[in-house]
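full-length UniProt numbering applies: residue 3 is where the sequence shown begins, and numbers increase by one. All residues carry an ideal CB built from backbone N, CA and C; glycine is no exception. Only a predicted model underlies this, so the values are computations on that prediction, with no experimental measurement involved. The structure under discussion appears below in the form of structure tokens.
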Amino acid sequence: TKRVGILTAGGDSPALNATIRGFGKTAIGEYGMELVGFRDGVTGLVEDRYEPLDGRALSGILTVGGTILGTSRDKVHKFPTPDGPVDMVPTVVENYERAGLDALIMLGGGGTAKNAMRLANAGLRVIHLPKTIDNDIALTDTTFGFATALEIATEAIDRVHSTAHSHHRIILTEIMGHRAGWLTLGAGIAGGADIILIPEIPYTVESVAQTIRARTARGSTFSVVAVAEGARDVADTADYQAAQLLVKNARTPEAQRAARAHLRHVEDSQREHTFTLARELEAATGLEARVTILGYVQRGGSPSAADRILATRLGAAAADLVAAGESGYMVAARGEGTEPVPLADVAGKVKLVPLEHDWVTAARKVGTGLGD
Ligand code: F6P
């Protein structure tokens, strides 16, 4: 009998439980494996906190938001301790062996893919499943959590239309997605936003204002703007990229510290960018502007049908891989099927929206302003 551990790591998202269930039911029912769940992501793995997951524990969780296992953003090689960050890979290897595990299933985003690779390199048998509402993981068509968040953000844009219309206002809706524009672009298109601002296309206030003034000239007295949390104007984008480059190129520990402090400073100074843009648009258009930050509602609650199906497919495929003795892969969604992708090919890569992507082209064709 194979004994397998499972954990959820990084920011929570819809369909984590659906994926745990998809894996667990296949592993237990189809292959007769034994399953244990680690608490709170990498934290529980380091602290050796786990419990058995049987058929009963997996029942009734398909539709439930969040994760029954808990999660954290801890990194295995820089685990936070009172004495500073410590490399806990050896501890995890010990815990894995003491628990008698044959494999470890890690549900998470880009950070988790990196943790998974570190553990695979240390000799553990690891499979990663791509979770994130941001859809920014490379080499998979999509990630679970994204479809649900897209529905939620789309509904929000639908709903702000009536207020924008009634009050003749600009409403800027800030949407999550980290440094990628997938969620904002998708929800902006689906919700019929007049302007969509994503990190991949740095905007100028003048271009955004021009789109709004053109609408006014055509008789529209309101505008709905979908703004990605990572979207910045041209100048802020340049500052941010320069600060990132400093971190990348810093050679000594002091230079690293200074570069990181500078990057944090740049990030902090840009944190309120959607509110800044609202004030600038009021000045440039003469219309009133309001901001709605969607925040964590995008990650909460029951997964959509599309996410439940994806989660079940990916979870079941991961169990097949473990049964076949495979390790060191992310299970990608690829067309109608799934495909194992080597962790080394995925870890550290971020999938941004390509500028020639069909969603970008279609948005332009229907006259949506993209701020450039
Ligand atoms: O990755 C999911 C996500 O919600 C991003 O869209 C966002 O940038 C980030 O997590 C927020 O992180 P936290 O949960 O730490 O506030």
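So, helix, strand or coil for residue i, using DSSP?
i	result
Glu338	coil
Pro204	coil
Ala365	helix
Ile135	coil
Ala252	coil
Leu296	coil
Leu371	A quick correction: the sequence has Gly, not Leu, at residue 371. Three-state DSSP puts Gly371 in a strand.
Ala140	coil
Ile70	coil
Val352	strand
Asp235	strand
Which residues does DSSP list as the beta-bridge partners of residue i?
i	result
Ile172	Ser225 and Ala291
Leu37	Val6
Leu106	Gly7 and Val128
Pro54	Val38
Met332	His130 and Val343
Ile177	Ala230
Leu265	BP columns for Leu265 are empty, so no partner.
Asp76	The partner list for Asp76 (beta bridge, DSSP) is empty, contrary to what the question assumes.
Ile198	Ala228
To the nearest angstrom, how far is it from the Cα of residue i to the Cα of residue j?
i	j	result
residue 1	His275	This structure gives no information on residue 1, because the portion of the chain shown stretches from 3 to 374.
Ala291	Thr175	11 Å
Val299	Pro16	11 Å
Val91	Ala124	7 Å
Thr65	Ala211	42 Å
Pro356	Glu202	8 Å
Asp76	Asp50	14 Å
Pro87	Glu284	45 Å
Arg161	Gly57	40 Å
Phe146	Asp309	6 Å
Tyr205	Ser271	17 Å
Arg220	Thr213	11 Å
Thr294	Ala252	38 Å
Thr314	Ala321	11 Å
Glu341	Thr69	24 Å
Gln243	Glu328	39 Å
Thr370	Glu208	15 Å
Leu372	Asp241	21 Å
Glu282	Leu121	48 Å
Thr45	Gly13	13 Å
Gly339	Ala257	46 Å
Leu248	Leu103	42 Å
Ala261	Ala192	39 Å
Count the other C-beta atoms from every protein chain shown that fall within 10 angstroms of the C-beta of residue i, then say buried if there are 16 or more, exposed otherwise.
i	result
Val352	exposed
Glu153	buried
Ser168	exposed
His130	buried
Thr3	exposed
Thr28	buried
Ser164	exposed
Ser61	exposed
Asp374	exposed
Leu133	The sequence as given places Lys at residue 133; Leu does not occur at that position. Lys133 should be labelled buried.
Ala166	buried
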